[in-house]
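Trainee: There's a structure below that I have some questions on.
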Ligand code: PFF
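Numbering (the UniProt record's numbering), first residue to last: 1 to 446.
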């Protein structure tokens, strides 16, 4: 069990890497349609409350464990548990996280492949002068074509695994340094454009005037699950990144910056998407197709519409690329910890994810009506249950481990926030994050 020797090259590189993990489909695809389906402003409000009270403190807990252990998630958990005189069974939490990221990556890669299709279609000018019927037919036609979807899923997985195989310090760091700033720039441009449309005012109203009567147990559960999903917390994926965190960097400050950037990206994407939704009189509760069915119609009406649309999907693709690299890292690090070479570990994970991803691909055609549980087909199952229950359960256990098991001195050093900062973080995790997550999970069960 050797300590890992890899480190991010700088503090900025670490923040960019974690932001890259956090910002992805969750912000640009999932946030708008979840907000649309869960009552608009009320969902946004709950999501922000959960990011502050659960997501952010548990994110610090997760990265802290990785930084203190400096190994793969399972090994870090085992080493710290031993140090604390606690059971080494905590290592299974690493495996639970690996199962979670496996499920998520298997559908994440498929949906990211949709952006490849749209990017190419936009560049080719496919959507020029098309109305809702034609764009809807394009989306449906694409979903019904398993071969095309498999091709894109394969391409995306190859992109991801090439970077993962190169190792984080070489592969990801270079990618992030170039792409994250570009991504923010593109989003700001999109939001500025949105401000010139008729839908801008109603979109702001929809997002920022919460209707509290829209809040139900389901909405609360969805908002909590989304807070974990969007921050990439609860699956030990950030624990794997924490292992490469440089010394002498305040963890709360880094995590705080990431959370702010993550919420900002979601808000910018939400403003851009809902402006066009309201300008066109589209139903906000359209569902997972919201972004894919509506945006081409709107962009098509703009000058240089294909260019804007292409930029949008390029942006989405960059964001999902860096997130999926994070999803793969704990699995690869775990296999490496078992003695496998990095290239072999990456290949093994890639092939397994590819195969399971095919089930998601087929869920839009041959397997559409094959319901696994509770009337959900494979894609519906794998894109909801791991994000909405596994992540909060994993986050809860990570929080308990960090705040109650890890020895004080070790946690204090790895958090790097001084004694007062440490006490504040520990208090919030112990008395707010843990009880609140448990309460929401329990209410969901009942
Ligand atoms: N945070 C990513 C997104 O918003 O798209 C998704 C994600 C990455 C979830 C890593 C979980 C994870 F461990």
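Virtual Cβ for every residue (Gly too), placed ideally from N, Cα, C.
Please read all numbers here as calculations on a predicted model, not as lab measurements.
1) Between residue 287 and residue 33, which are expected to be in contact by the criterion C-beta below 8 Å, what is the C-beta distance as a whole number of angstroms?
2) Secondary structure at residue 442, three-state DSSP: helix, strand or coil?
3) Per DSSP, what kind of secondary structure is residue 3 in: helix, strand or coil?
4) Per the DSSP calculation, residue 18 is bridged to which residue(s)?
5) Taking contact to mean 3 or more Cβ pairs, one atom from each stretch, closer than 8 Å, check whether the segment 282 to 297 and the segment 49 to 69 are in contact.
6) Taking the alpha-carbon positions, what's the residue 196 to residue 183 distance?
7) Relative to the C-alpha of residue 99, which candidate in 297, 394 and 279 has its C-alpha closest?
8) Could I get the ranges of all uninterrupted alpha helix (DSSP H) runs contained in the segment 248 to 295, with 4 residues as the minimum, in chain order?
9) Quick check on residue 431: buried or exposed, where buried means 16 or more other Cβ atoms within 10 Å of its Cβ?
10) Tell me which residues share the same chain as residue 47 and place their Cβ nearer than 7 Å to its Cβ, disregarding the 5 neighbours each side in the sequence.
11) Is residue 208 buried or exposed, if buried means 16 or more other CB atoms sit within 10 Å of its CB?
12) Alpha carbon to alpha carbon, how far is residue 263 from residue 392? Give it in angstroms, no decimals.
13) Answer yes or no: the CB of residue 104 versus the heavy atoms of the ligand PFF, is any distance below 7 Å?
14) Which value, in whole angstroms, describes the spacing of the CA atoms of residue 421 and residue 260?
15) Figure out for me which residue from 415, 368 and 375 has the closest Cα to the Cα of residue 242.
16) For residue 2 and residue 276, I'd like the C-alpha separation in whole angstroms.
17) Assuming residue 164 is part of the alpha helix (DSSP H), what are its boundary residues?
18) Quick one: grab the DSSP three-state call for residue 245.
19) Going by alpha carbons, who is nearest to residue 378 out of 387, 366 and 360?
20) Leaving out the 5 sequence neighbours to the left and right, which residues in its chain are closer than 7 Å to residue 331 when beta-carbon positions are compared?
21) Please state whether DSSP places residue 373 in a helix, a strand or coil.
22) Consult DSSP for residue 103 and reduce its assignment to one of helix, strand or coil.
23) Buried or exposed for residue 66, going by 16 or more other Cβ atoms inside 10 Å?
24) Would the C-beta of residue 242 count as close to the ligand PFF, meaning under 7 Å from any of its heavy atoms?
25) Cα separation between residue 328 and residue 203?
26) Counting Cβ pairs, one atom from each stretch, are 3 or more of them under 8 Å apart for the segment 302 to 320 and the segment 134 to 147?
27) Here's the rule I'm using: 16 or more other beta-carbon atoms within 10 Å means buried, otherwise exposed. How should residue 213 be labelled?
28) Is the segment 339 to 346 close to the segment 61 to 79, with three or more CB pairs under 8 Å?
29) Does the beta-carbon of residue 163, which I'm using as the reference point, lie nearer than 7 Å to any heavy atom of the ligand PFF?
30) Quick check on the burial criterion: 16 or more other C-beta atoms within 10 angstroms. Buried or exposed for residue 437?
31) Count the other CB atoms, across all protein chains shown, that sit within 10 Å of the CB of residue 252; report buried if there are 16 or more and exposed otherwise.
32) Please determine, among 412, 42 and 320, the residue with the shortest C-alpha to C-alpha distance to residue 218.
33) If we require 4 or more residues per run, which alpha helix (DSSP H) segments fall completely within the segment 32 to 59?
34) What do you reckon, is the C-beta of residue 99 under 7 Å from a heavy atom of the ligand PFF?
35) In this structure, how does DSSP classify residue 140 when only helix, strand and coil are distinguished?
Mentor: On the basis of the coordinates in this document:
1) By a beta-carbon distance limit of 8 Å, residue 287 contacts residue 33. Their separation comes to about 6 Å.
2) Judged by DSSP in its simplified three-state form, residue 442 adopts helix.
3) Unreliable placement is indicated for residue 3, whose pLDDT of 47 sits below 50; the coordinate value is still reported in the next sentence. Residue 3: coil per DSSP, three-state reduction.
4) According to DSSP, which records beta bridges pairwise, residue 18 is partnered with nothing at all.
5) Between the segment 282 to 297 and the segment 49 to 69, the count of C-beta pairs closer than 8 Å stays below three; the two stretches do not touch.
6) Approximately 21 Å, taken between the alpha carbons.
7) Among 297, 394 and 279, the Cα nearest to that of residue 99 is on 394.
8) Here the runs fully enclosed are 251 to 279.
9) An exposed status is given to residue 431, since fewer than 16 other beta-carbon atoms sit within 10 Å of its beta-carbon.
10) Counting only residues of its own chain and dropping the five nearest sequence neighbours on each side, residue 47 has a CB closer than 7 Å to the CB of 223, 226 and 227.
11) Within a 10 Å sphere around the beta-carbon of residue 208 sit fewer than 16 other beta-carbons, which makes this residue exposed.
12) When rounded, the distance between both Cα atoms is 19 Å.
13) The answer is yes for residue 104.
14) Spanning the two alpha carbons is a distance of roughly 19 Å.
15) Nearest Cα to residue 242 within the set 415, 368 and 375: 415.
16) A caution first: residue 2 carries a pLDDT of 43, below 50, which makes its placement in the model unreliable, though a value can still be read off. The alpha-carbon separation between residue 2 and residue 276 amounts to approximately 53 Å.
17) Annotation: the continuous alpha helix (DSSP H) that includes residue 164 extends over 146 to 166.
18) In the structure shown, the three-state DSSP call for residue 245 is coil.
19) The shortest Cα separation from residue 378 among 387, 366 and 360 belongs to 360.
20) Cβ within range, chain order: 98, 101, 102 and 349.
21) Note: residue 373 maps to strand in three-state DSSP.
22) Here DSSP, grouped into helix, strand and coil, assigns residue 103 to helix.
23) Within 10 angstroms of the beta-carbon of residue 66 lie 16 or more other beta-carbons, which makes it buried.
24) Taking the Cβ of residue 242 as the reference point, every heavy atom of the ligand PFF lies at 7 Å or farther away.
25) For residue 328 and residue 203, the distance between alpha carbons rounds to 35 Å.
26) Touching, no, given that fewer than three Cβ pairs across the two stretches are closer than 8 Å.
27) Burial state of residue 213 is exposed, judged by a 10 Å Cβ sphere holding fewer than 16 other Cβ atoms.
28) Result no; under three Cβ-Cβ pairs closer than 8 Å.
29) For residue 163, the CB stays at least 7 Å from every heavy atom of the ligand PFF.
30) By the 10 Å Cβ count, residue 437 comes out buried.
31) Under this definition residue 252 is a buried residue.
32) Closest option to residue 218, Cα to Cα, is 42.
33) DSSP runs (the alpha helix (DSSP H)) wholly in the segment 32 to 59: 41 to 50.
34) Not so, every heavy atom of the ligand PFF lies at least 7 Å from the Cβ.
35) If DSSP states are grouped into helix, strand and coil, residue 140 belongs with the helices.
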